[in-house]
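Structure first, then comments.
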Amino acid sequence: MNTRYIVSILGKLLLVEALLLLAPFAVAVYYGEETVFAYALTMGLLLLVGGATFLLKGKNGIIRPREGLATAGLAWIVFSLFGALPLWMTGDIPVYLDAVFEVVSGFTTTGATILADVEALSQSALFWRSLTHWIGGMGVLVFALAILPATDTKSMHLMRAEMAGPEVSKLVSKIRLTARLLYVIYIVLTLIEFVLLLFGDMPVYDALTHSFATAGTGGFSNKALSVGAYESPYIEWVITAFMLLFSINFNLFYLVLIGNFASLFKNEELRCFLCIVLGATAIITLNILPLYDSIGEAIRKAAFQVVSIMSTAGFATADFNLWPNLSRTLLVLLMFFGACAGSTGGGMKIYRIMVVCKTAVAQIRRQIDPRLINPIKVEGAILNPATRSGITAYMFAFFAIFAVSNLLLCFDDTSLVVNFTAVVTCINNVGPGLEEIGPMGSFAGFSPFSKLVLIFDMLVGRLEIFPVLALFAPSAWKKS
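Here the sequence shown stands for residues 26 to 505, where the numbers follow my numbering.
Structure follows, in structure tokens:
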């Protein structure tokens, strides 16, 4: 393990985080808040520690996948530990573990909160929460790759360790250029949503924070009632549309930009994703129709909640805790599915669900006719055996962690539904669960131990398991 290289990368990332904290610092200055000192102190600490670790840079050496995995896992942990400091020092979140939970939820774009009254926070704290979504949506390391120099081989290992999905490919010949291109698309979409929300009479500050949270598919709002606080069908439909857009593989946006529109309609994963969204919306609309005054309102509420859950954004315009069991159960199932691979959304990803289903069908056919040769195809191409093996390993690890986490939460005096949906929503980076942790509730009632378990689940879910598990593998740290 090339530990000196990892330390040097972490040092650079701390300097990047100090730069990012300039944004909430500026907000604190603008609103005349006393929190300005906490942000200034945190930035100073980051510059000190980051500068010190950066000076420890040794020989570059050979960078392999295990260095990429370890760097990704440690980067998110270190980013979160330092990112929680201003929330804790300002007193916005008095308990440091709670501040870490909130920031991990932000960076992993989960959107689960320990805050009972989010509107009691300072404006700078609310802005920092939303900004963590925006940075975490595309990825901490992808952001760093876009602005920091690095060789293409090393960059590929870092990007592959962090990007969502079973496969990571370059849009252009250079990884650094790919990272920049992804961020250009990301920024443009965020700005378009920001402008459209302004047209809906949403205040500038609110439009910016909600655009950040939508882009990262995180769901932190500066309103206790989330998007429902605005009572605006226009705002609901705009955010619904952009939650959908940010759930799509960003490679497709690039292909559309270069004129390859056919790829958008031929993409099997996108078609499957949209069919699930439409089907679930139709079922829930019919189920909740008696609760609303018109079919139009029922469709709007159903579509928003379905897209919010599928994209793992976690915004809410209705308390689905009050919906019938069919709708609530369907929403919990959709939490597992998640968005498309290569998007900012969480969950297991539609691509993996497709591969698992096709593998099961192929296995049934082989049982019926052992002589049958039936290769598994995705997007018209035969699936790489290594990719299929990786998906199998991922699914096993996912459900093993899911089961253990549920057992560990049993030590709390909470219901089975609360514990189950807490793990579901955290490991899939969705946000709200059911009952006390529903869209209008919070995770404040969990014990410190349970919060640590859920923090682990959020990190595992966002980094898709292996970068975090690699930190606990002794073989990964052995010298070559």
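C-beta atoms are modelled at their ideal positions from N, C-alpha and C, and glycine is treated no differently.
Look at the beta carbons and you see the segment 473-484 not touching the segment 261-273: under three pairs across the two are nearer than 8 Å.
Glu293 sits close to Val403, with the two beta carbons spaced by under 8 Å.
A residue is called buried when at least 16 other Cβ atoms come within 10 angstroms of its Cβ; Asp142 does not meet this threshold and is exposed. A direct Cα-Cα distance of roughly 27 Å separates Leu496 from Arg154.
With the rule of 3 Cβ pairs closer than 8 Å, the segment 317-331 does not count as touching the segment 441-449. Less than 8 Å divides the Cβ of Phe345 from the Cβ of Pro464. Judged by their CB atoms, Thr337 and Gly363 are nearer to each other than the 8 Å cut-off.
Rounded to the nearest angstrom, the gap between the Cα atoms of Pro111 and Val52 is 13 Å. At a cut-off of 4 residues, the continuous stretches assigned as alpha helix (DSSP H) that sit fully inside the segment 377-439 are 410-434.
Taking 8 Å as the cut-off, the Cβ atoms of Ile309 and Val281 do not count as close. Cys365 counts as buried, since at least 16 other C-beta atoms from the protein chains shown sit within 10 angstroms of its C-beta.
Val32 and Leu477 have their C-alpha atoms roughly 25 Å apart.
Taking a 10 Å sphere around the C-beta of Val252, we find 16 or more other C-beta atoms and assign the residue as buried.
When C-beta atoms of the segment 232-250 are compared with those of the segment 200-219, three or more pairs fall below 8 Å, so the two segments count as touching.
Straight-line spacing of the CA atoms in Leu277 and Ile462 works out to 35 Å. Non-local C-beta neighbours of Thr78 in its own chain, meaning closer than 8 Å and more than five positions away in sequence, comprise Val32, Ser33, Leu35, Gly36, Leu39, ordered along the chain.
For Asp482, the enclosing alpha helix (DSSP H) stretches over residues 473-487. Pro111: member of the alpha helix (DSSP H) spanning 110-114, first to last residue. Counted as a single uninterrupted DSSP element, the alpha helix (DSSP H) harbouring Gly321 occupies residues 320-335. Scanning its chain for C-beta atoms nearer than 6 Å, with the 5 sequence neighbours on each side dropped, one finds around Ala387 the residues Asn399, Ile401, in chain order.
Assigned with DSSP and collapsed to three states, Ala343 falls in coil, not helix or strand. Spanning the alpha carbons of Gly456 and Ser467 requires a straight line of approximately 10 Å.
A straight line joining the alpha-carbon of Pro49 with that of Gln392 spans about 60 Å. Counting every other CB atom within 10 Å of its CB across the protein chains shown gives Leu66 a total below 16, marking it as exposed. The residue from Phe62, Phe361, Ala418, Pro473 with its alpha-carbon nearest to that of Phe491 is Ala418. In the assembly as shown, Ser333 is a buried residue. Its beta-carbon has 16 or more other beta-carbons within 10 Å.
Between Ile452 and Ser472, the C-beta spacing is not below 8 Å. Between the segment 352-361 and the segment 295-309, the count of C-beta pairs closer than 8 Å reaches three or more; the two stretches touch. Secondary structure at Ile309: helix, using DSSP grouped into helix, strand and coil. Of the other Cβ atoms in all chains shown, fewer than 16 fall within 10 Å of the Cβ of Glu59; this residue is therefore exposed.
With 16 or more neighbouring CB atoms inside 10 Å of its own CB, Val129 falls in the buried class. Taken through DSSP and simplified to helix, strand or coil, Gly253 comes out as helix. Between Ala43 and Leu71 the beta-carbon gap is near 4 Å, inside 8 Å, which marks them as a contact.
Asn350 carries a helical assignment under DSSP once its states are collapsed to helix, strand and coil. Take Leu233, set aside five residues on each side of it, and the residues of its chain with a beta-carbon closer than 7 Å to its own are Phe219, in chain order. In the three-state reduction of the DSSP assignment, Cys365 falls in the coil class, being assigned neither a helical nor a strand state.
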